[in-house]
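Visitor: Take this structure, written in structure tokens, and hold onto it; I'll ask about it next.
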Amino acid sequence: MNDAVRLIDVKEAIQADNERVAEDLRARLAETRTFLLNLMSAPGAGKTRTILKTLEVLRDRLRFGVLEADIESTVDAERVAATGISAVQLRTGGFCHLDASMVAKGLAALDLEALDVVIIENVGNLVCPAEFDTGAIKNVMILSVPEGDDKPLKYPLMFTVSDVLLVNKVDYLGLSDFDLAAMRERVVRLNPDIQIFEISAKTGQGIDQWAAWLEGEARRFIDA
Amino acid sequence: MHELPITKRILDIALEHARGHKVARIVRIHLKIGALSDLENEWIQRYFDYLSRGTVAENARLAITRSPIVMRCRGCARSFEVAREELGQVRCPGCSASRLELVSGREYLVENMEVL
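Residue numbers (the numbering used here), protein chains in the order written: chain C, 1 to 224; chain Z, 1001 to 1116.
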């Protein structure tokens, strides 16, 4: 029977489908002039709180929407909606990440023409979200001090796909052996272009600098 | 973790190509996956076995080749391979600079398949 075996050439990228959807989404965002930001981190690193703090600083200057991804709950979307910002809850139903078509579906519930910036709060996970293009214009990740300075070694892909690294909970630095210099050195060996901001979403430390970066990038995109 | 959606795409791509070639059975699918991917070969196969039941790809084996992680030095532009465990710790073997960018190591490709 073996002589009947034929070889079929395929040469197809497994992620090509998702990347097409992501490109279509970016084209649509360019039309509506909406800056889409993908925020990723491990669970508990402070994504929701960072979003809330960022909104406090920028909500009078830019029109925001938030897309909350969660495996089951709606807690985070409720926290955002309580501030009066449009928030859409995406329940991923067990999926560990968002892909571009899930994001497109979530965005359909928002009036993009009336929004300058939409922040995606991705599923809390440092592995899977790094593999899937969401259609966002920029990728931002949070690493919080209690997680440890060795995370770039354990989750290198996430650090290579992110444009910005927010080091959150710097108010804990005095209580931990987190070595900021060692962490920075590890990150630059994975991604020399990544911008690093040290913040505390709790005390507000460093939020202004991060918010200034976000506003600058958003305006550059909107005015392009 | 995300083996399921990736495996679903592998199956869809294989079945799509099988349709155009009068395939009775897919025996083996050759995949090229970057060493930076955290996917586990064993789980991809398990999900594949589950998803492919009742299709021409049932019982097909997945042959996975890992393509190396390649970094490029921002100092001297030299490209070199890096092992997964050394990421974030190596310097450029040429000029010892530490500003390194990723060139490849995250690809996901269905290369070809053996069919009957």
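Even for Gly, the Cβ is constructed at its ideal location relative to N, Cα and C. Predicted model only: the values in this text are computed from it and were never measured.
Could you list which residues in chain C have their beta carbon closer than 7 angstroms to that of asparagine 1112(Z), in chain order?
Guide: The residue labelled residue 1112(Z) in the question sits at position 112 within the second sequence. The contacting residues are Leu7, Ile8, Asp9 and Val10.
Visitor: Of all the residues that make up the segment 182-214 of chain C, which are near chain Z by a beta-carbon distance shorter than 8 angstroms?
Guide: Hits within the stretch, in order: Glu185, Arg186, Val187, Val188, Arg189, Leu190, Asn191, Pro192 and Asp193.
Visitor: So aspartate 163(C) and asparagine 125(C) are in contact, right, with Cβ under 8 angstroms, and what is the actual spacing, rounded?
Guide: Stepping through the first sequence from its first residue, residue 163(C) is reached at position 163. Stepping through the first sequence from its first residue, residue 125(C) is reached at position 125. Going by Cβ atoms, the distance from aspartate 163(C) to asparagine 125(C) rounds to 19 angstroms, so no, they are not a contact pair.
Visitor: For the segment 1065-1080 of chain Z, which residues have a beta carbon sitting closer than 7 angstroms to at least one beta carbon of chain C?
Guide: If the cut-off is 7 angstroms between Cβ atoms, the segment 1065-1080 of chain Z has Arg1074 near chain C.
Visitor: Give the single residue among Phe159(C), Ile119(C) and Val127(C) whose Cα lies nearest to the Cα of aspartate 76(C).
Guide: On the first sequence, residue 76(C) is found 76 positions in, with the first residue counted as 1. Aspartate 76(C) has its Cα closest to that of Ile119(C), out of Phe159(C), Ile119(C) and Val127(C).
Visitor: Let me check understanding here. Comparing Cα to Cα, which of Phe1080(Z), Asp1049(Z) and Val1056(Z) lies closest to glycine 1020(Z)?
Guide: Translated into the one-based positions of the second sequence, residue 1020(Z) becomes position 20. Checked all of Phe1080(Z), Asp1049(Z) and Val1056(Z); the closest Cα to glycine 1020(Z) is Val1056(Z).
Visitor: List the whole-angstrom C-beta distance separating lysine 11(C) from glutamate 1111(Z), where the pair is believed to meet the contact cut-off of C-beta under 8 angstroms.
Guide: Against the first sequence, residue 11(C) aligns to sequence position 11. Against the second sequence, residue 1111(Z) aligns to sequence position 111. Sure, about 6 angstroms apart at Cβ, within 8 angstroms.
Visitor: Report, in whole angstroms, the separation of the C-beta atoms of arginine 1009(Z) and isoleucine 14(C), which I expect to be a contact under 8 angstroms.
Guide: What you label residue 1009(Z) is simply residue 9 of the second sequence in a count that begins at 1. What you label residue 14(C) is simply residue 14 of the first sequence in a count that begins at 1. Correct: roughly 5 angstroms between the Cβ atoms.
Visitor: When you compare the CB of glutamate 1107(Z) with every CB in chain C, is at least one pair closer than 9 angstroms?
Guide: Here the question's residue 1107(Z) lines up with position 107 in the second sequence. With 9 angstroms as the cut-off, glutamate 1107(Z) counts as an interface residue toward chain C.
Visitor: Just to confirm, are aspartate 24(C) and proline 1005(Z) a CB contact at a threshold of 9 angstroms?
Guide: Here residue 24(C) corresponds to residue number 24 of the first sequence, with the count starting at 1. Here residue 1005(Z) corresponds to residue number 5 of the second sequence, with the count starting at 1. Not a contact, by the Cβ cut-off of 9 angstroms.
Visitor: Which chain Z residues are close to proline 152(C), counting only those with a beta carbon under 7 angstroms from its beta carbon?
Guide: Counted from its first residue, the first sequence places residue 152(C) at position 152. Near proline 152(C) (Cβ distances below 7 angstroms), the residues of chain Z are Gly1088.
Visitor: Taking contact to mean 3 or more Cβ pairs, one atom from each stretch, closer than 8 angstroms, check whether the segment 148-155 of chain C and the segment 169-189 of chain C are in contact.
Guide: Yes, the segment 148-155 of chain C touches the segment 169-189 of chain C.
Visitor: Locate the alpha helix (DSSP H) running through threonine 48(C), then write down its first and last residues.
Guide: On the first sequence, position 48 is the one that residue 48(C) refers to. Start and end: 47-58.
Visitor: What's the C-alpha gap between tryptophan 210(C) and valine 170(C)?
Guide: By one-based count along the first sequence, residue 210(C) stands at place 210. By one-based count along the first sequence, residue 170(C) stands at place 170. Taking the straight line from one Cα to the other gives about 14 angstroms.
Visitor: Which residues of the segment 115-143 of chain C have a Cβ closer than 7 angstroms to any Cβ of chain Z? Give them in chain order.
Guide: Answer set for the segment 115-143 of chain C: Val127, Cys128 and Glu131.
Visitor: Please name the residue in Gly44(C), Ala42(C), Ala27(C) and Pro43(C) whose C-alpha comes closest to that of leucine 281(C).
Guide: Residue 281(C) cannot be examined here, being either before or after the span of chain C that is shown, 1 to 224.
Visitor: Taking the C-alpha atoms as reference points, what is the distance between valine 1023(Z) and leucine 1109(Z)?
Guide: The sequence position of residue 1023(Z) within the second sequence is 23, counting from 1. The sequence position of residue 1109(Z) within the second sequence is 109, counting from 1. Distance between the alpha carbons of valine 1023(Z) and leucine 1109(Z): 21 angstroms.
Visitor: Give me the residue from Glu1086(Z), Pro1068(Z), Arg1091(Z) and His1017(Z) with the minimum Cα distance to alanine 1077(Z).
Guide: As a first step, residue 1077(Z) must be located in the second sequence, where it is residue number 77. Taking only the C-alpha atoms, the option nearest alanine 1077(Z) is Arg1091(Z).
Visitor: Name the chain C residues that come within less than 9 angstroms of isoleucine 1006(Z), Cβ to Cβ?
Guide: Counting from 1 along the second sequence, the entry for residue 1006(Z) is found at position 6. The contacting residues are Ile14, Gln15 and Glu131.
Visitor: Rounding to the nearest angstrom, what Cα-Cα distance links glycine 206(C) and valine 66(C) in this structure?
Guide: Counting from one through the first sequence, the residue named residue 206(C) turns up at place 206. Counting from one through the first sequence, the residue named residue 66(C) turns up at place 66. Spanning the two alpha carbons is a distance of roughly 22 angstroms.
Visitor: Please classify aspartate 133(C) as buried or exposed, where buried requires at least 16 other C-beta atoms within 10 Å of its C-beta.
Guide: For the purposes of this step, residue 133(C) is taken as the residue at position 133 of the first sequence. Counting Cβ neighbours within 10 Å, aspartate 133(C) comes out buried, since at least 16 surround it.
Visitor: If the cut-off is 8 angstroms on Cβ atoms, which residues from the segment 26-41 of chain C count as contacting chain Z, listed in chain order?
Guide: So the list is empty, because no residue satisfies the distance condition.
Visitor: Run down chain Z in chain order and give the residues with a C-beta less than 8 angstroms from the C-beta of proline 43(C).
Guide: As a position in the first sequence, residue 43(C) is number 43, starting the count at 1. Residues of chain Z passing the Cβ test: none, with the nearest at roughly 13 angstroms.
Visitor: Report yes or no: is there a C-beta of chain Z within less than 9 angstroms of the C-beta of aspartate 171(C)?
Guide: As a working mapping, residue 171(C) is identified with position 171 in the first sequence. Judged by the 9 angstroms Cβ criterion, aspartate 171(C) is not in contact with chain Z.
Visitor: Taking C-alpha atoms, which residue in Ser176(C), Val127(C) and Leu115(C) lies nearest to serine 144(C)?
Guide: For the purposes of this step, residue 144(C) is identified with residue 144 of the first sequence, where counting begins at 1. Checking every option, the nearest Cα to that of serine 144(C) belongs to Ser176(C).
Visitor: What alpha helix (DSSP H) runs, 4 residues minimum, are completely inside the segment 91-117 of chain C?
Guide: As far as the segment 91-117 of chain C is concerned, its whole alpha helix (DSSP H) runs of at least 4 residues are 100-107.
Visitor: Mind reading off the beta-carbon distance from threonine 50(C) to leucine 173(C)? Whole number of angstroms is fine, and I expect it under 8 angstroms.
Guide: Translated into the one-based positions of the first sequence, residue 50(C) becomes position 50. Translated into the one-based positions of the first sequence, residue 173(C) becomes position 173. Not confirmed; about 17 angstroms, so no contact.
Visitor: Return no unless some Cβ of chain Z is closer than 9 angstroms to the Cβ of alanine 4(C).
Guide: Reading the first sequence from its first residue, position 4 is the one you call residue 4(C). It does; some Cβ of chain Z falls within 9 angstroms.
Visitor: For a contact meaning CB atoms closer than 7 angstroms, what does threonine 160(C) contact in chain Z?
Guide: Your numbering for residue 160(C) matches position 160 in the first sequence. Leu1102, listed in chain order.
Visitor: On a Cα-Cα basis, can you pick out the residue from Leu1011(Z), Ala1018(Z), Ile1013(Z) and Thr1007(Z) that is closest to arginine 6(C)?
Guide: What you label residue 6(C) is simply residue 6 of the first sequence in a count that begins at 1. The shortest C-alpha separation from arginine 6(C) is found at Ala1018(Z).
Visitor: May I ask which residues mark the beginning and end of the alpha helix (DSSP H) holding glycine 1088(Z)?
Guide: As a working note, residue 1088(Z) is residue 88 in the second sequence. Careful: glycine 1088(Z) lies outside any alpha helix (DSSP H) and carries neither H nor E.
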